[in-house]
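Have a look at the structure below, then the notes.
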Amino acid sequence: MKKILLSLTIIAASCLLASAQGTIEENLSRFKPAKGEYSNHVKMEFQVEGREAALVIPENPAPGNPWIWRPAFLGAFPSVDEALLQKGWHLAYYDVTHLYGSPRSVRTSKSFYNAMVTAGLAEKVVVEGFSRGGYFAFAWADAYPETVAAIYADAPVCDITSWPGRESGQLWNDFLEEWGVKDEEVDSDFRGNAIQHLPRIAQAGIPVMTVCGAVDRTVPYDQNMKKVRKTYQDMGGVIEQILKPDCDHHPHSLEDPEPVVDFLTRYSPGYEDMQHIHLRGSLDNAMRAMTVDRKATVAFLGGSITEMRGWREQVEDDLRQRFPDTEFKFIEAGISSLGSTPHAFRFEEDVLAHGTPDLLFVEAAVNDDTNYFGPREQVLGMEGIIRHALNANPRMDIIMLHFIYDPFVPMLASGETPDVILNHERVANRYHITSIDLAQEISDRMQAGELTWEQFGGTHPAWLGHKYYTAAIGKVLDMSTKPASEYSSAEHVLPEPLDAACYEGGKMLPLEAATKLKGFHIDPSWMPAQKDGKPYLRERYVNCPTLVAEDGGSLVLEFDGRAVGLYHVCGPQAGTIAWSIDGSAWKTKDTLTEWSGYVHLPWVTMLADDLRPGHHVLKLKVLKGERSGCFIHRFVVNE
């Protein structure tokens, strides 16, 4: 271990010295390189220990000088390489194609690797193995795991006995000579096969991305990567796979390399340094469902950032890539404008009615803040969600997410954490729930000059912005990955609540529960008035049964519970309501919101939070005036 640390120290010192002395291009001058071109980038061609080498230099190198290394077939199916070059990665090539992953190929490649790091490239490299190049990639990672950021293996030869070169005569003889073995000594347990290299690779925690053709007749998937993937996953290794259903050995790679590029970017130098992950407890229950049981339900509960195309879809794809043999059910419960209070009351109908999650993602910081829910309400709602979820399934694992929006940007830049995040973190701490402070991460990256708010996409992120959210979730899954035999299955223990009035018994009552209707009626397919498409509609809340009062009205609701409220739509005609519970003094509230003028906004108005348990009678009136409307979607009650 001391030798390894000393070696890395020397390499780092050499790298710093080289960087101080000149550019990477200048630092390669001792190899007397010939300058050429590769995909509109500068290509330096040279030799190391008598073997062909090349380095393609991006126009705008990324911080830390990340690089991807091809040991064979430079320029073949280059979509990933070219995409990474555009992102500022260097592309390196060292031709060990015909050394078949032998010990000699690894030894001579060490000289090439040292030369690249001394020239100024990152200490950790992504090793890219196409076909027989994959045979080398696993051998290198086994020999020098401390040098590898990730492996990208594309239709790789993993079991040399399945390699078609065995039938070719000369290539097979070259392989035997290179390895110094006889034909009868080569079988599926041969020491050069990828599966033999996996223990040290898994111990080092090296992530693997693989792309394969399901009907590969040249390097059959079943005999190669399928076995390696399962074995590596059973060992606790992080591995994602994209299986092209109708693809043979060619074409390699993907027409759209985005999934591979996103995966590799997560492991580029320093990327994880700005992630703010609070890993509490474990995700063993969910990981066991996904890896051992191979059947899992995953729910996404949140507002518009969850509902829109973005991180949710990306995470679903990521889970399918991690666990391609698992049958997933995804419950997509994102609804624009809604925060933790409405989430708590709709949890039964919008989540549990569709299945019992093994893993729940929940976010509400943005809408809890923008909708002016106070500190106590933020806890009542979020704690209600968590307790409701764990009462429904004590083995449900939960990840809480804190997203960023415009008002958070200056606060975070000045070192201030928004109160709503602190309040939700109180809940996460209480229940030992993993949380990810994505708001702080994005702020840090903006402060570091990695991206601007406009590039991120603002409150509703661009596709690029969502990738930061997805990458952090991927890191949590990485941190939770272990050998299959080590996943436990245990119930989460519910402590005493932070607030006994939290909405853990939240549910929605049907409109028919209301009686003594005056001025109210149930419209089976309510559609509010619009002109030129405005105010905007929320599709879920129109063309559906709605309890409507347009010119004042009153009703009575009898219920059992500790809290009661209205789940209603507050458009431009939303009026002032008055209510009395069990004969108490009347209270009033104007239900018009600052957004009501341009959108028929779904909203939860709580009328009482701290009632004694038991039966109650609510009397509700809509006062007449310039605005005298009330449009009720459901009644909400905390039992």
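Under the numbering used here, the residues of the sequence shown are numbered 388 to 1026, in order.
Cβ coordinates follow ideal geometry from the N, Cα and C atoms, glycine included.
Candidates the options, of which the one nearest residue i by Cα
| i | options | result |
| --- | --- | --- |
| LYS1011 | TYR531, THR963 and GLY920 | THR963 |
| ALA916 | ARG1021, VAL986 and LYS430 | VAL986 |
| VAL615 | LEU558, ASP643, PRO656 and ALA542 | ALA542 |
| SER912 | LYS918, ASP919, PRO922 and VAL929 | VAL929 |
| VAL513 | PHE525, THR505 and ASP824 | PHE525 |
| ASP603 | TYR619, LYS862, HIS639 and LEU904 | HIS639 |
| GLU926 | ASP671, GLU694 and MET677 | GLU694 |
| GLU424 | TYR654, LEU461 and PRO453 | LEU461 |
| ASP831 | ASP660, GLU554, GLY984 and ASP910 | ASP660 |
| THR821 | VAL863, THR839 and GLU837 | VAL863 |
| ALA421 | THR713, MET431 and GLU413 | MET431 |
| ALA479 | ALA463, PHE577 and PRO458 | PRO458 |
| LEU725 | ALA871, ASN780, TYR954 and LYS716 | TYR954 |
| ASP649 | MET677, GLY624 and PRO594 | PRO594 |
| HIS853 | ARG763, GLY520, ILE829 and LYS869 | ILE829 |
| ASP793 | LEU809, GLY844, HIS811 and TYR759 | GLY844 |
| ILE588 | ASP529, GLU873 and GLY657 | ASP529 |
| ALA961 | PRO884, LEU788, GLY1016 and GLY624 | GLY1016 |
Cβ neighbours of residue i in the same chain (closer than 7 Å, five flanking residues each side left out)
| i | result |
| --- | --- |
| SER727 | ALA751, ASP755, GLN765, GLY768, MET769 and ILE772 |
| PRO445 | HIS428, LEU472, GLY475, TRP476 and HIS477 |
| VAL647 | VAL467, TYR539, MET596, VAL598 and LEU641 |
| THR980 | CYS957, LEU988 and TRP990 |
| ASP574 | THR548 |
| TRP840 | VAL796 and MET833 |
| GLU803 | none |
| GLN662 | GLU828, ALA859 and LYS862 |
| HIS847 | SER691, ILE692 and MET695 |
Reduced DSSP category for residue i - H, G, I as helix; E, B as strand; rest coil
| i | result |
| --- | --- |
| LEU670 | coil |
| THR975 | strand |
| ASN1025 | strand |
| GLU627 | strand |
| TRP850 | helix |
| VAL951 | strand |
| TYR874 | coil |
| VAL606 | coil |
| TYR425 | strand |
| PRO711 | coil |
| GLY771 | helix |
| GLN583 | helix |
| TRP550 | coil |
| SER967 | strand |
| LYS430 | strand |
| THR534 | helix |
| TRP566 | helix |
| ALA887 | coil |
| TYR928 | helix |
| HIS811 | helix |
| CYS511 | According to the sequence as given, residue 511 is Lys; it is not Cys. LYS511: coil per DSSP, three-state reduction. |
| TYR856 | helix |
| MET895 | strand |
| ILE823 | strand |
| ASP576 | coil |
Whole-angstrom C-beta distance between residue j and residue i, which should lie under 8 Å
| i | j | result |
| --- | --- | --- |
| ILE1019 | ALA995 | Actually they are not in contact, since the Cβ atoms of ILE1019 and ALA995 sit about 16 Å apart, beyond 8 Å. |
| ALA440 | TYR481 | 5 Å |
| GLU515 | ILE455 | 5 Å |
| GLY552 | ILE411 | Incorrect: roughly 35 Å between the Cβ atoms, too far for contact. |
| MET674 | SER876 | Their Cβ separation, rounded to whole angstroms, is 10 Å, which puts MET674 and SER876 out of contact at 8 Å. |
| TRP527 | SER489 | Between SER489 and TRP527 the Cβ distance is about 11 Å, and since that is not below 8 Å, they are no contact. |
| SER549 | VAL606 | 6 Å |
| GLY697 | ILE718 | The pair is not a contact, with the Cβ atoms about 17 Å apart (cut-off 8 Å). |
| SER655 | ALA470 | Actually they do not touch by this definition, with Cβ atoms about 13 Å apart. |
| GLY952 | VAL1004 | About 15 Å; that fails the 8 Å criterion. |
Nonlocal neighbours in the same chain, by C-beta distance under 6 Å from residue i, ignoring five residues either side
| i | result |
| --- | --- |
| GLN408 | Residue placement at GLN408 is flagged as unreliable, the pLDDT there being 42, under the threshold of 50; the coordinate-derived value follows with that caveat. Answer for GLN408: no residue qualifies. |
| ASN1025 | TYR890, GLY892, GLY893, GLY948, ARG949 and ALA950 |
| TYR1059 | Nothing about residue 1059 can be read from this structure; the chain reaches only from 388 to 1026. |
| ASN758 | GLY726 |
Contacting residues, own chain, Cβ-Cβ under 8 Å from residue i (five flanking each side not counted)
| i | result |
| --- | --- |
| PRO586 | MET622 |
| LEU403 | Model confidence at LEU403 stands at a pLDDT of 40, short of 50, so the residue's coordinates are unreliable; what they give is reported in the following sentence. Here the set comprises nothing. |
Residue i Cβ short of 7 Å to the ligand GTP heavy atom set
| i | result |
| --- | --- |
| ARG519 | In terms of ligand content, the structure shown is empty, and the ligand GTP therefore cannot be addressed. |
- request: Report yes or no: do the region 701-715 and the region 852-868 share at least 3 C-beta pairs separated by less than 8 Å?
  value: Short answer: they touch.
- request: Would you check if there are 3 or more beta carbon pairs closer than 8 Å linking the region 639-649 to the region 575-589?
  value: In this structure the region 639-649 does not lie against the region 575-589, because fewer than three pairs of beta carbons, one per stretch, are closer than 8 Å.
- request: Could you tell me whether the region 771-787 touches the region 666-686, using the rule of 3 or more Cβ pairs below 8 Å?
  value: The region 771-787 makes contact with the region 666-686; the number of CB pairs closer than 8 Å reaches 3 or more.
- request: Pair every Cβ in the region 929-945 with every Cβ in the region 902-911, then say whether three or more of these pairs are closer than 8 Å.
  value: Judged by Cβ distances under 8 Å, the region 929-945 makes contact with the region 902-911, as three or more pairs qualify.
query: Can at least three beta-carbon pairs, one atom from the region 681-694 and one from the region 552-566, be found at a separation below 8 Å?
result: The region 681-694 is not in contact with the region 552-566.
message: Would the region 730-740 count as touching the region 879-888 if we require 3 or more Cβ pairs under 8 Å?
response: The answer is no - the region 879-888 does not touch the region 730-740, with fewer than three Cβ pairs under 8 Å.
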